[in-house]
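Protein chains: 2
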Amino acid sequence: MISEFCLIDRFFKRSNLNNAVTLGIGDDCALLATPQGYELAITTDTMVENIHFFAGCEPYDLGHKLLAVNLSDLASMGAKPLAVTLALTLPKVDEGWLTLFADGFFALAERFSVDLIGGDTTSGPLTLTVQAFGLVPNGQALKRSVALPGDIICVTGLLGEAGLGLKIKQGYDCKQPENALKRFNRPDPQIEIGQALIGIANACIDISDGLTGDLGHILYQSGVGACLDWEAMPFSEEVKSYIGATGDWMMPLTTGDDYELCFTVSPDKTGKLENIPHTKIGVIDNHAGLRLNKSGQIQLLQDKSFEHFS
Amino acid sequence: MISEFCLIDRFFKRSNLNNAVTLGIGDDCALLATPQGYELAITTDTMVENIHFFAGCEPYDLGHKLLAVNLSDLASMGAKPLAVTLALTLPKVDEGWLTLFADGFFALAERFSVDLIGGDTTSGPLTLTVQAFGLVPNGQALKRSVALPGDIICVTGLLGEAGLGLKIKQGYDCKQPENALKRFNRPDPQIEIGQALIGIANACIDISDGLTGDLGHILYQSGVGACLDWEAMPFSEEVKSYIGATGDWMMPLTTGDDYELCFTVSPDKTGKLENIPHTKIGVIDNHAGLRLNKSGQIQLLQDKSFEHFS
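This is the structure we're talking about:
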């Protein structure tokens, strides 16, 4: 049986890409030298079998997604990805599974020059934790707590694609399922856009738990409210068809896993968004709660975002 | 039912103790400003129920030990602890359990002025991952790979105490079980000694997987061998009694969880160890493998350290 030591060497040890990584995998700690003028942004996300992913899902996709969800948190702060650690709890050592998992993981890591600098492998129920590190210019990180009344609310990409992907997995019959399934299986973290928003956006968050829940965090932490415009929402034809067929118009506003960015911009800075793909979907205000203008009627949106333990 | 958001606020949000933590819990990322002249040492360790701890173990002890095993990795690099993140996977929200777990965790965190700066809570089989961050002066971290032939091998504290604690838990009848059980349940990371060894020690590692296994890592990564002296080993009277009663003399050399430091020092620097509690147990050499001089006979020690998946 392959040992923990061999497992790391064989599947997870690569050359380091960043000078800031002064010691990588193989000691009690890794060492990072943060360049002057930068803060280190740190995030961690865990994925558990049967909670965050289906048993038997493609290990390549899982390796990609586990890294992507963490890089997405870096993107939402405007940070440039630098390095990650990986804590793997595995029921058994399946070399074929590990090879594919590592392939998916490193394909994305190399795309953004991210070094795997350490980790831990233990036996137990399949549980995967990544910790990600990024660099952000001193004092310029995009926080949740700084939205101001009057700010325009924007999102990148399309809403509800990953949610539709989940519905397809659960049996919904979609004519063109490819995009939705790709977004569900291999989401793209919006790294370049996050960095481009530094100095432009006020508040920013990534849409991991659904637009209403995540925008709700911005509202709560900034002490503001907001009104969204249903007509402005960026939905694909497939999501529109889904809503038409099911009447479930809340789906694209409340399901998670989109990993797009939701950010707010002062009206005098919207001109600076020219080269940044985005859609304006509403306005921050001083009224209570998160509301939606749908066909001229104002609805108070319930927070139906994914809550663990509920 | 309490939400993930409330759970963090209620059990795990405290005031930050360190200026280097520029943004703590509550955003997509935390932010750290590494002071000039320092590298950031980073480590992660996972503990899984029924693998690393018994089901039903005291949550206070578990909170302590989860943090201690990570701080021990910082100690082994000579780093000063700064901050940690915590990824909790819980089968259910048990508020009494969480209160005690957080009490144990923060009692140790506050002792070393460690800030909890972020984390993730998910539902699933009980699995706990801590990531720890410490500061170490540029270029001075204590690595595994720099032991030299002629170096004196030293350990802090006693060997085999936690292993004896485990034997007691499994039914061994010990006259004075208190110390061994305390070391098994609430190990002390050797933070002060690790920092004191900067500029004195060559290689250093913490004994988490047993002396032979962990010293084996130093030997392998430094490309050297070693011979240990059985007569020099620091054993308590209880461990000596255990060996006398069972004949199992390998136990204190191979069982993990001691969280003492094993380090090597050039012979001309041993004078500098005067104020550092330690025991000299052997010498690094150019011969193959890890050997033990026991009653004048040289034995090749098998690596019987704890290996996951074996």
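Chains A and B supply the protein sequences, listed in that same order. 823 is the number of the first residue of the first sequence in the working numbering; add one for each residue after it. 823 is the number of the first residue of the second sequence in the working numbering; add one for each residue after it. Even glycine gets a Cβ: it sits at the ideal position worked out from N, Cα and C.
With burial defined as no fewer than 16 other Cβ atoms inside 10 Å of the residue's Cβ, what is the status of B:S1127: buried or exposed? On the second sequence, residue 1127 of chain B is found 305 positions in, with the first residue counted as 1. Here B:S1127 scores only 41 on pLDDT, less than 50, and its place in the model is too uncertain to base an answer on.
Residues of its chain near A:N1001, where Cβ-Cβ distance is below 8 Å and the 5 sequence neighbours each way are ignored: Numbered from 1 along the first sequence, position 179 holds the residue referred to as residue 1001 of chain A. Excluding sequence neighbours, A:N1001 sits near E983, S1058 and E1060.
Would the stretch 940-948 of chain A and the stretch 863-876 of chain B be scored as touching if the rule is three or more Cβ pairs under 8 Å? yes
Does the distance from the CB of B:T949 to the CB of A:T856 come in under 8 Å? On the second sequence, position 127 is the one that residue 949 of chain B refers to. On the first sequence, position 34 is the one that residue 856 of chain A refers to. No, the Cβ-Cβ distance between B:T949 and A:T856 is not below 8 Å.
First and last residue of the uninterrupted alpha helix (DSSP H) at A:P1056: Residue numbering aside, residue 1056 of chain A sits at position 234 when the first sequence is read from its first letter. No alpha helix (DSSP H) contains A:P1056, which DSSP labels as neither H nor E.
Just to confirm, is the Cβ distance from A:D973 to A:I1106 under 8 Å? Along the first sequence, one-based indexing puts residue 973 of chain A at 151. Along the first sequence, one-based indexing puts residue 1106 of chain A at 284. For A:D973 and A:I1106, yes; Cβs fall inside 8 Å.
Kindly indicate which three-state DSSP category B:V1046 falls into: helix, strand or coil? In the second sequence, the residue the question calls residue 1046 of chain B occupies position 224. DSSP places B:V1046 in coil when its eight states are reduced to three.
What residue range is occupied by the uninterrupted alpha helix (DSSP H) comprising B:K1004? Looking up residue 1004 of chain B in the second sequence gives position 182. Residues E1000 to N1007.
Does any residue of chain B bring its CB to less than 8 Å from the CB of A:F1131? By one-based count along the first sequence, residue 1131 of chain A stands at place 309. The pLDDT assigned to A:F1131 is 48, lower than 50, so where the model puts this residue is not dependable, and the model offers no usable value.
What's the C-alpha gap between A:C1049 and A:L1112? Translated into the one-based positions of the first sequence, residue 1049 of chain A becomes position 227. Translated into the one-based positions of the first sequence, residue 1112 of chain A becomes position 290. Their Cα atoms are separated by approximately 6 Å.
When you check each C-beta in the stretch 877-909 of chain A against every C-beta of chain B, which residues fall closer than 7 Å? D895, L896, S898, M899, A901, T907 and A909
What separation, rounded to the nearest whole angstrom, lies between the Cα atoms of B:P999 and A:Q962? Position 177 of the second sequence, counted from the start, is the residue given in the question as residue 999 of chain B. Position 140 of the first sequence, counted from the start, is the residue given in the question as residue 962 of chain A. Using only the alpha carbons, I get a separation of about 54 Å.
Give the straight-line distance between the Cα atoms of B:I1040 and B:L964, rounded to the nearest whole angstrom. Here residue 1040 of chain B is taken as the residue at index 218 of the second sequence, counted from 1. Here residue 964 of chain B is taken as the residue at index 142 of the second sequence, counted from 1. Taking the straight line joining both Cα atoms gives about 11 Å.
Can you tell me which of the three DSSP states B:V915 falls into? Here residue 915 of chain B corresponds to residue number 93 of the second sequence, with the count starting at 1. It is coil, neither helix nor strand.
Out of B:S1044, B:T1034, B:A1067 and B:E1096, which one is the CA nearest neighbour of B:D1051? For the purposes of this step, residue 1051 of chain B is taken as the residue at position 229 of the second sequence. B:D1051 has its Cα closest to that of B:T1034, out of B:S1044, B:T1034, B:A1067 and B:E1096.
For A:Q858, go through chain B and note every residue whose CB falls closer than 9 Å to its CB, in chain order. Mapped onto the first sequence, residue 858 of chain A falls at position 36. Within chain B, the residues near A:Q858 are Q858.
Closest by C-alpha distance to B:E861, when choosing among A:L1114, A:N841, A:A890 and A:T921: Against the second sequence, residue 861 of chain B aligns to sequence position 39. Answer by Cα proximity: A:N841.
Using DSSP's beta-bridge definition, name the partner residues of B:E861. Position 39 of the second sequence, counted from the first residue, corresponds to residue 861 of chain B. B:E861 pairs with B:V958.
Are there 16 or more other CB atoms within 10 angstroms of the CB of A:C828, so buried, or fewer, so exposed? By 1-based counting over the first sequence, the position of residue 828 of chain A is 6. By the neighbour-count rule (16 or more Cβ atoms within 10 Å), A:C828 is not buried but exposed.
Quick check: is the beta carbon of A:C1084 nearer than 8 Å to any beta carbon in chain B? On the first sequence, position 262 is the one that residue 1084 of chain A refers to. Taking Cβ atoms only, chain B never reaches closer than 8 Å to A:C1084, which makes this a no.
Taking C-beta pairs closer than 7 Å, name the residues in chain B that A:L1019 reaches, listed in chain order. Taking the first residue of the first sequence as position 1, residue 1019 of chain A is located at position 197. Simply none; closest approach about 13 Å.
6 Å Cβ shell around A:G987 - same chain, five flanking residues per side excluded: As a position in the first sequence, residue 987 of chain A is number 165, starting the count at 1. Around A:G987: A1002, L1003, R1005 and F1006.
With DSSP run on the structure shown, which of helix, strand or coil describes B:V891? Sequence index remark: in the second sequence, residue 891 of chain B carries index 69 (1-based). Note: B:V891 maps to helix in three-state DSSP.
If you draw a straight line from the alpha carbon of B:F927 to that of B:H1109, how long is it in whole angstroms? For the purposes of this step, residue 927 of chain B is taken as the residue at position 105 of the second sequence. For the purposes of this step, residue 1109 of chain B is taken as the residue at position 287 of the second sequence. Each residue's Cα considered, the two are about 43 Å apart.
Name the one or two DSSP bridge partners that A:N1115 has. Within the first sequence, numbered from 1, the residue matching residue 1115 of chain A stands at position 293. Answer by DSSP bridge pairing, in chain order: A:D1051 and A:I1120.
Going by the DSSP bridge assignment, what does A:I975 pair with across the sheet? Against the first sequence, residue 975 of chain A aligns to sequence position 153. Paired residue(s): A:T1086 and A:G1104.
Closest Cα partner of B:D867 within the set B:L839, B:L896 and B:Q1012: By one-based count along the second sequence, residue 867 of chain B stands at place 45. Cα-wise, what sits closest to B:D867 is B:L896.
Going by beta-carbon coordinates alone, are B:N892 and B:A954 separated by less than 8 Å? Reading the second sequence from its first residue, position 70 is the one you call residue 892 of chain B. Reading the second sequence from its first residue, position 132 is the one you call residue 954 of chain B. Cβ atoms of B:N892 and B:A954: closer than 8 Å.
Tell me which residues share the same chain as B:R966 and place their Cβ nearer than 8 Å to its Cβ, disregarding the 5 neighbours each side in the sequence. In the second sequence, the residue the question calls residue 966 of chain B occupies position 144. Closer than 8 Å at Cβ, skipping near neighbours: A1025, C1026, I1027, H1039, I1040, Q1043 and S1044.
Measuring straight from C-alpha to C-alpha, what distance separates B:T1068 and B:K997? Translated into the one-based positions of the second sequence, residue 1068 of chain B becomes position 246. Translated into the one-based positions of the second sequence, residue 997 of chain B becomes position 175. Taking the straight line joining both Cα atoms gives about 15 Å.
Hey, would you say A:A1018 sits closer than 8 Å to A:F1085, going by beta carbons? For the purposes of this step, residue 1018 of chain A is identified with residue 196 of the first sequence, where counting begins at 1. For the purposes of this step, residue 1085 of chain A is identified with residue 263 of the first sequence, where counting begins at 1. No.
For the stretch 935-949 of chain A, list every residue whose C-beta sits within 8 Å of some C-beta in chain B, in sequence order. I939, G940, G941, D942, T943, T944, S945, G946, P947 and T949
Could you tell me if A:L1037 is buried or exposed, where buried requires 16 or more neighbouring beta carbons within 10 angstroms of its beta carbon? As a working mapping, residue 1037 of chain A is identified with position 215 in the first sequence. Result: buried.
List, in chain order, every chain A residue whose beta-carbon is nearer than 7 Å to that of B:D867. For the purposes of this step, residue 867 of chain B is identified with residue 45 of the second sequence, where counting begins at 1. Per Cβ cutoff of 7 Å: D942.
Suppose the cutoff is 7 Å on Cβ atoms and the five residues either side in sequence are ignored; what does the same chain contact list for B:Q1121 look like? Here residue 1121 of chain B corresponds to residue number 299 of the second sequence, with the count starting at 1. Around B:Q1121: R1113 and L1114.
Can you find a C-beta in chain A that's less than 8 Å from the C-beta of B:Q962? Here the question's residue 962 of chain B lines up with position 140 in the second sequence. With 8 Å as the cut-off, B:Q962 does not count as an interface residue toward chain A.
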